[in-house]
Amino acid sequence: GAGVSQSPRYKVAKRGQDVALRCDPISGHVSLFWYQQALGQGPEFLTYFQNEAQLDKSGLPSDRFFAERPEGSVSTLKIQRTQQEDSAVYLCASSLSASGPSGANVLTFGAGSRLTVL
Amino acid sequence: KQEVTQIPAALSVPEGENLVLNCSFTDSAIYNLQWFRQDPGKGLTSLLLIQSSQREQTSGRLNASLDKSSGRSTLYIAASQPGDSATYLCAVRDYGGSQGNLIFGKGTKLSVKP
Chain U
39 GAGVSQSPRY
49 KVAKRGQDVA
59 LRCDPISGHV
69 SLFWYQQALG
79 QGPEFLTYFQ
89 NEAQLDKSGL
99 PSDRFFAERP
109 EGSVSTLKIQ
119 RTQQEDSAVY
129 LCASSLSASG
139 PSGANVLTFG
149 AGSRLTVL
Chain Z
793 KQEVTQIPAA
803 LSVPEGENLV
813 LNCSFTDSAI
823 YNLQWFRQDP
833 GKGLTSLLLI
843 QSSQREQTSG
853 RLNASLDKSS
863 GRSTLYIAAS
873 QPGDSATYLC
883 AVRDYGGSQG
893 NLIFGKGTKL
903 SVKP
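Chains as they are written, first to last, in our numbering: chain U, 39 to 156; chain Z, 793 to 906.
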């Protein structure tokens, strides 16, 4: 596709419900990233995939958060037993390169999924 | 732990003014630093990326500088326009972080008045 697509754009959940957020990266992009952005804050890194491999999940805040990218394209971020502190915008980004640490990593971001937990 | 701070948190200027946004980081061991723009309800757009070995990058009316030793970067916007109104975010990638493990500041919300 032309850009990174995220769905749903808005999700309201009752505390304790499970939610699933979807990210369609740009076709052919090897790397995919999830970020969490709370109101008035900068984005915070959650996890990183290179193709289907989850290479870094150090930012996932708890074991209620789970991400997958089984075929190396679409990714799903799942949050179990949602809590009010999970309310945030969840941003997905992708990049063409799988370059090493010294490479430039220009990311293309989606518009985000805004989660509100009541 | 790396921390990124952006000053000011908000800025309002008249159209045509030149302005500077500031970003500071606590650990100078970075691979690169990026400036992003975020419009309400939209994702982030990368504006400029400066590798750790570089001092500055320019794109159109934007110029970003990096002083790694002092842990500072500035984004200079020349001849500001109302369309420049957005939140500007600075992010660094540490040597210890994986690709995409960017550490962001809270941003500077810029408003350019016609």
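Every residue, glycine too, gets a C-beta built ideally from N, C-alpha and C.
Starting from residue i, follow its DSSP beta bridges and name the residues at the other end.
| i | result |
| --- | --- |
| Z/R754 | Here chain Z covers residues 793 to 906 and nothing more, so residue 754 of chain Z does not appear. |
| U/D62 | U/S43 |
| Z/N814 | Z/I799, Z/T866 |
| Z/Q843 | Z/N824 |
| U/E82 | U/Q74, Z/I895 |
| Z/P806 | Z/K905 |
| U/Q55 | Bridge partners of U/Q55: none, in fact. |
| U/Y48 | U/R152 |
Exposed or buried, what is residue i when buried is set at 16 or more other beta-carbons lying within 10 Å of its beta-carbon?
| i | result |
| --- | --- |
| U/G150 | buried |
| U/S113 | buried |
| Z/T900 | buried |
| Z/N893 | buried |
| U/T120 | buried |
| Z/S804 | exposed |
| Z/Y823 | buried |
| Z/Y880 | buried |
| U/G138 | A caution first: U/G138 carries a pLDDT of 45, below 50, which makes its placement in the model too unreliable to give a value. |
Taking only beta-carbon positions, decide if residue i is within less than 9 Å of chain Z.
| i | result |
| --- | --- |
| U/G78 | yes |
| U/L115 | no |
| U/S133 | yes |
| U/G110 | no |
| U/L129 | yes |
| U/F147 | yes |
| U/S125 | no |
| U/V144 | yes |
| U/E82 | yes |
| U/D101 | no |
| U/V42 | yes |
Looking at the ligand PLP, does it come within less than 8 Å of residue i, judged from the CB to the closest heavy atom?
| i | result |
| --- | --- |
| U/G150 | Summarising the ligand content, the structure contains no ligands, and the ligand PLP is consequently not present. |
For residue i, decide whether its Cβ has a neighbour in chain U, counting only Cβ atoms nearer than 9 Å.
| i | result |
| --- | --- |
| Z/L902 | no |
| Z/I895 | yes |
| Z/S816 | no |
| Z/S872 | no |
| Z/A883 | yes |
| Z/K793 | no |
| Z/S890 | yes |
| Z/V812 | no |
| Z/S804 | no |
* **Members of the region 58-77 of chain U near chain Z, C-beta cut-off 7 Å** => S69, F71
* What residues in the region 839-866 of chain Z have a beta carbon less than 8 Å from any beta carbon of chain U? -> L841, Q843
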